[in-house]
Structures are given as structure tokens and as C-alpha cells.
Amino acid sequence: MNHERHGMERDQHEAAPAFERDVADVFFDMAPSHAPDHLLQSVIYNASRRRKRPRWLALIKEPPMRISDGVAVGSPTARILAVTAATLLLTLALVGAGVAGSRLLAADGVIIVDPSGDGMTTTITEAIAMAQDGDTVLVRPGTYTEALRIEKDITLRGDGADPSDVVIAVPADAPLADEEHAGRCLMGCSGTINGKVGIYLVETSSTITDLMVVGVIDGWAVLAVGGAPTLEDLVIDVGGPVAETTLTENRTGLQIDLGSNAVVRGITHEGWLGIDRGSSPVFEENQLLDTCVVIWGEGTNAEFRNNTVSGCPNGWAFDIGHGATPLIEDNDISAGGFDVYRGTVEGTDPVIRGNRIHAGERGIDIGSGATATIEGNEIFDVGRGISADQTGAHIADNDIHDNLTGVRLSGGEPSLEGNRITGNGIGLSLFSPGEGFVVTANTICDNGTNLTAFPESLEIDGANEVCEDPSAG
Amino acid sequence: MQRELVERARSGDLDAFSDLARACITRLYAVATLILRDRDRAQDAVQDALLHAWQDMHALRDPDAFDAWLHRITVRSCYKSARKERRRLSVEVRSVPDPETPGDVDPSAWVGDRDSLEQAIARLPIDQRAVMVVHYYLDLPLSKAAEVLDIPVGTAKSRLHHGLTALRRQMREEDRTIPKQVREGMT
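Okay, structure coming up:
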């Protein structure tokens, strides 16, 4: 009960109808009577680490000067020094204002952008120009038609109750990316292309949070090159992906490129999403809806955990190639799974673990020249659960059920171990695997046809449980 | 007294901020717990809110508006936590039935209207519950509650109306659902 604290307020509800009084009483009864001690301790500890006290405050709390120091407070000397110091400060302030007046407004570390004019600026661009490393640009609700470029380490935060309260509408005439940042064409074209950029994060560790970015442009709504920015609680909506993107119809929402180690958490994204050229971003707990994810390039070690990915119209949700080695773990992936292939360089080798992959044409396809570790996934309601073609993929402990085909191994020397393959039209299809292939300790039962093999003389070891086909009975 | 602390905290005085946090943390924790219905997540939300407040103290133009400003940040932090929870649930536990959905009626579970009302409040959408928490628990008039929630007054009124209507409806339905012998035992 927390009535003591709010006793007076509670009385005010006496005038309310009886039912509302009951509701108010229940709230008071449900409310905890005190916060845990460790909560306050944790807040104070973390606050002390987040911002130091300004130096001037520490100075005025130092012990007062003594007479023996040669200057006494209140003495003519002290007054002269005080007047001199004040004059000097005023002069510096005026000069500073003349040179960079707006910067003075940002001296406290928070620059407020308000479209009504009730802030320090009305445009985010101007606020970013005023900001220094460590500053926060706080953007009041509204729609801002601006293209932004951030090369400092700042926090850009929307000040609404929801990210959609602060909208950055990327203008059609947004500037092109720098030539050295031009990206690889994601699909439907080839080579390196350049495009326009909505929010351009260049070698920055900035945090961008609580905003919505919209607009279909010929390029990227958000492009991070290098650095380690944090993108949190954003909505990036460029109208979903097209079947095949081209330079003139490139609905790329977010692109992480050129060695960027971005952290992307809690965003809602629609459109193409590209990760390329040695980038190692971490994606956690995002809603990637109507999104096609492309992960390319040697040294690209993206990590995806606990995301929802769905709605790519191209038959896959993740396109992984050109030497990329991402970790895709514990995600819910629907309406298209994985297309894993070699591409222009060897070394494509993702780890795909613990995901729930369902609905769509395919679960996981591994093509010639690529390999993969596929462990502990549940794959169901797709056309082909896992297909490994001319590869050495390691496929273990997956639950593959209720697909048209469970697993198809064609050529190469894959290992299939400890999987449960049930309820599929065809359980396991073996087509001329290489001599070193391993199929062991799997359960292959209750499929329309449990096992097909070519050549028919092909045998798998006795450690598998392969049930008789229903038709054989 | 609070105004002085707020002004000192705005200047970067961590001791002053600590005093402010100490004075309000129970109230904020109660608000977050009532909105989120989860004490662990409420702790995270309060910590997040207070740290944002500390970092953005300069954005507070009127020291006398500190309480309202802090309530607003806390409610926003609760919404953020709820959004994250929805995302997590959509990934991890989609097959787990809602534990708050009544299943077979267990007579021992019915201990009175108060508990039923508590459960009905817990089932409200967070938007409606938040209006009620700010209006009833913090005892703010709807015009002020709307400011804390960062919504128009009309929206606050609408959410409160719909919330109360939903509660009344649920209470009536539960009354019909309670087995006769239990209902008789309650009277």
C-alpha cells in the first residue's frame, strides 16, 4: 500500500464515480511501496560514469584562498582580479559569439532542434554543425526534410514518445555519397554504383536513436561507412524492397559498409539492407519486415541475434556471398530463408544456428564453392528445407519438418548428423555425393518418401534411423 | 529546495542529482511497475529514465517543471521497454499462451472483485493503462497527464474512456464467467 505518500491525492478521487475510485484504489494497492536500494545505487554509479562534473564547479568548491596566498577575498586586489577576469570572460564571449555564436548555445552539451523555433535551431543540419564530440542533438517532434552527414561522435536523439514522432524525410535531391564510398550494386545490376544518401554516417561512433527515416531515393536512406555508430529504436521505411533493385529503383534502407562496426538494435526496417566490405555490425532485436538482407565481402562478420526477418519478395531473406562469414543466430525468419554462395571470392562460410525458418520457397540453400555450419535450426513449411550443392557444409541437430523436401545433398562432401527429418514430402534426397560425405545419427521418419538416393546403390550407415516408407508397407 | 537541487544538477552537480533521484525514485518505480506490470523491467526503465534525465538536464528550461519532465521521460522509457518486450516475445515465445488469459475457472483463484479488477487492468493496452497510472496514481488532471504522455488532451480523454469501458466490460464478463457456486461463496 502506498496510501501514505499519496493520501491527499487519493482523497481527491472521492469525488469521482465509484468505479473510478475502485480503479484508483487498485493502482495504489498494486504500487510497490519502495524502490530496491540497489536501483538508486546503480543509477548514481552509472550517472557518475556518464558525465563528469564541469571543471568550474569543482573549482568554486575548493577551499577559499587564504590571506597568506597574497590575495584576500574582498580585498582591492581581489576585486581588481575579479573585474579583470569578468572583463576577460565577457570579451572572450563576445569574440566567440562573433566567430561562432551558435556554438555558445551548444556549450552545455545539448542542442535542441525545434521546428517551431522554440529551440536553438530549427534544422538538424545546423545543430550537427554546432555540435562537438560528446554533444547531444535533441530533436523535438516534427518532420524534417533534410539529408544529414555526421562525422562527429554525437548523440542524435528524437524527443518524441515514439520514433515516428520525429520524422526525417530524405529529400529527393539528397547529395550523392563520396566517390570512395560508392557501394556495390545489390541486385539486378553489377559493379560499383553511387547513390544519394539520407543520413550519412562517416567514420563515426555516434548514436542515432528514437527517429523515423522515410523517403524513397536512388541510394541509401541510412549509410554507415567505417566507424562504430549505434542505431537504436529507429524506424527506417523506404517502402519495402523491390524484386530486383537497380540504380534507378534502389530502395535500400540501411547500408553498413567499408569496415563499419555498427550496433543496430531495436529498429524497424523496410527495404533492402546491405552489409558489405569487411563490416562487422551487430543486429539485435530488430524487426526487419519486408526486408531483404544482403551480406557480402571478405572479413564481413555480421552478427544477427533475436531479430524477426520477413517479407523479402525474392525467395530468400538472407543473401550471403563473396566471402562473408556472418553468424545468424536465434532469429525468426519467414517468407524466405538463406541463399549462401561463393560469389566473386572464396571463403563464404556463415554459421546459421538456432533459427526458426518457415514459410517460403527455401530454408537454407548452400551453393557450390561456399560452405556453412547449420546447427539447431527448426525449418518448416518451406519448399526445400536444406539444400547443399557441391559443398562441405556441416548440418547438425536441426529439426526439419513439414516441407516439400527435407534435405537434399548433391555432390560435395557435406556432413549430415543428428538431424530430425520428419513429415516432409521427401525426407532426405542424396544425389551423387562425394566420397567423403557423412550421414549419421539422423532420424528420418514419417515423410512421404523417407530416403531417395542416386545412384541407388548408395548406402548410409546404420547409425541413422530411417523408417520404412508408407508405400512400402 | 527542489528547485535549488535541480539548478545544481543542471550545472553538473552529481550530489544534487543523487538527492533528486533519491527523493523521486520510489514514485518513478511505482509508475513504471504499474505501467509495465513487471518489476525487473520497471527497474530498467527507471534507471534508463534517470540516466537520460541526468544527461539531458540542460534541456530542462524550467526547474519547477522537473517533476513533470521526469515523469514524461519515465513514461517514454516504459514505452520503449514495452516495445522491446513485444519484439522479444515475437521472436522467442510466440507459442507460449498468455499466462494472463483465463483458462479453466479455478474457484480458488476468485478472491474478490479487487483481484479481478487488478487482472483486468493488467490486460489493458499499455496506452490506456499509462493514462490511468498518470491520472489516478500520480493524480494529475487529464490536461497535465496529456503533457506527461506527450499526447493531445483529447487523446488522453479517449484512452481513459476506452480503458474504463474495457474494465467495466471485463468485470461484467468475469462476473458471468464465475461459476455459480463461487459467486455465491463470494457474497
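Listed in order, the protein sequences are those of chains A and Z.
Residue numbering for the first sequence follows this note's numbering, starting at 2 and increasing by one per position.
Residue numbering for the second sequence follows this note's numbering, starting at 206 and increasing by one per position.
Note that the Cβ used here is the ideal one computed from N, Cα and C, for glycine as well.
Predicted model, so just to flag it, every value in this text is computed and none were measured.
Handout entry: Contact residues within the stretch 395 to 415 of chain A, judged by C-beta distance below 8 Å to chain Z
Key = none
Exercise for the section: Measure from the C-beta of L202 (chain A) to each C-beta in chain Z and report whether the shortest distance is under 8 Å. Expected result: no
Exercise for the section: With DSSP as the reference, label S458 (chain A) as helix, strand or coil. Expected result: coil
Practice task
Take every Cβ of the stretch 424 to 437 of chain A, pair it with every Cβ of the stretch 449 to 461 of chain A, and state whether three or more of those distances are shorter than 8 Å.
Solution key: yes
Problem - Span of the beta strand (DSSP E) around D366 (chain A) - result: R357 to I367
Problem - T406 (chain A) and G386 (chain A) closer than 8 Å at C-beta - result: yes
Problem - Assigned secondary structure, G413 (chain A) (DSSP; H/G/I helix, E/B strand, else coil) - result: coil
Problem - chain Z residues whose Cβ lies nearer than 7 Å to that of G110 (chain A) - result: H263
Handout entry: Status (buried if at least 16 other CB within 10 Å, exposed otherwise) for Y342 (chain Z)
Key = buried
Practice task
Give every residue of the same chain whose Cβ lies closer than 7 Å to the Cβ of A214 (chain Z), excluding the five residues on either side of it in the sequence, and list them in chain order.
Solution key: A221, F222, L225 and M262
Practice task
Identify every residue that forms a DSSP beta bridge with C446 (chain A).
Solution key: A:T423
Problem - Whole-angstrom distance between H35 (chain A) and R177 (chain Z), CA atom to CA atom - result: With chain Z represented from 206 up to 392, any question about residue 177 (chain Z) goes unanswered, as that position is not in the structure.
Problem - Top-ranked residue by Cα proximity to A183 (chain A), from A:V264, A:T423 and A:D258 - result: A:D258
Problem - Cβ-Cβ distance between V239 (chain A) and V217 (chain A) below 8 Å - result: yes
Practice task
Enumerate in chain order the residues of its own chain whose CB-to-CB distance from E378 (chain Z) is below 6 Å, with the five nearest sequence positions on each side excluded.
Solution key: none
Problem - CA nearest to the CA of E180 (chain A), picked from A:D154, A:L417, A:A173 and A:I194 - result: A:I194
Handout entry: Any C-beta of chain A under 8 Å from that of Q333 (chain Z)
Key = no
Exercise for the section: Just the chain A side, please: which residues come within less than 7 Å of F222 (chain Z) by C-beta, in chain order? Expected result: A48
Problem - For E212 (chain Z): DSSP bridge partner residues - result: Paired residue(s): none; E212 (chain Z) is not in a bridge.
Problem - Under 8 Å from the C-beta of F28 (chain A): neighbouring residues of chain Z - result: L239, I326, M337, V338, Y341 and Y342
Handout entry: the stretch 406 to 424 of chain A in contact with the stretch 387 to 395 of chain A per 3-pair CB rule at 8 Å
Key = yes
Exercise for the section: Buried or exposed for S311 (chain A), please, with buried defined as at least 16 other CB atoms from any protein chain shown within 10 angstroms of its CB. Expected result: buried
Handout entry: C293 (chain A), enclosing beta strand (DSSP E) - first and last residue
Key = Q288 to W297
Problem - Which listed residue (A:R278, A:T124 and A:L157) has its alpha carbon closest to that of T146 (chain A) - result: A:T124
Practice task
With distances taken Cα to Cα, identify the nearest neighbour of L322 (chain Z) among A:K153, A:I321, A:F28 and A:I151.
Solution key: A:F28
Problem - CB contact below 8 Å: L235 (chain A) versus chain Z - result: no
Exercise for the section: Mark D350 (chain A) as exposed unless 16 or more other C-beta atoms lie within 10 angstroms of its C-beta, in which case mark it buried. Expected result: buried
Handout entry: Through-space distance from P142 (chain A) to V167 (chain A), alpha-carbon basis
Key = 5 Å
Exercise for the section: Using a Cβ cut-off of 8 Å (strictly closer), state whether W259 (chain Z) contacts chain A. Expected result: yes
Practice task
Using only alpha-carbon positions, find the residue among A:E299, A:T292, A:L290 and A:E286 that is nearest to S481 (chain A).
Solution key: Within the shown structure, residues of chain A are numbered from 2 to 474, placing residue 481 (chain A) beyond reach of any answer.
Exercise for the section: Using a Cβ-Cβ cut-off of 8 Å, state whether D163 (chain A) counts as contacting chain Z. Expected result: yes
Exercise for the section: Specify, as a first and last residue, the run of the beta strand (DSSP E) that D30 (chain A) falls within. Expected result: Element bounds for D30 (chain A): not the beta strand (DSSP E) but the alpha helix (DSSP H), A19 to M31.
Problem - Opposing strand residues paired with M213 (chain A) [DSSP bridges] - result: A:V168 and A:V236
Problem - Closer than 9 Å at the beta carbon, the chain Z residues around I422 (chain A) - result: Correct list: empty, because the minimum Cβ distance to chain Z is about 21 Å.
Problem - Residues that T144 (chain A) contacts on chain Z, provided the C-beta gap is smaller than 7 Å - result: Here the premise fails: no neighbours, minimum Cβ distance about 16 Å.
Exercise for the section: Give the DSSP-derived three-state secondary structure of S430 (chain A) in the structure shown. Expected result: strand
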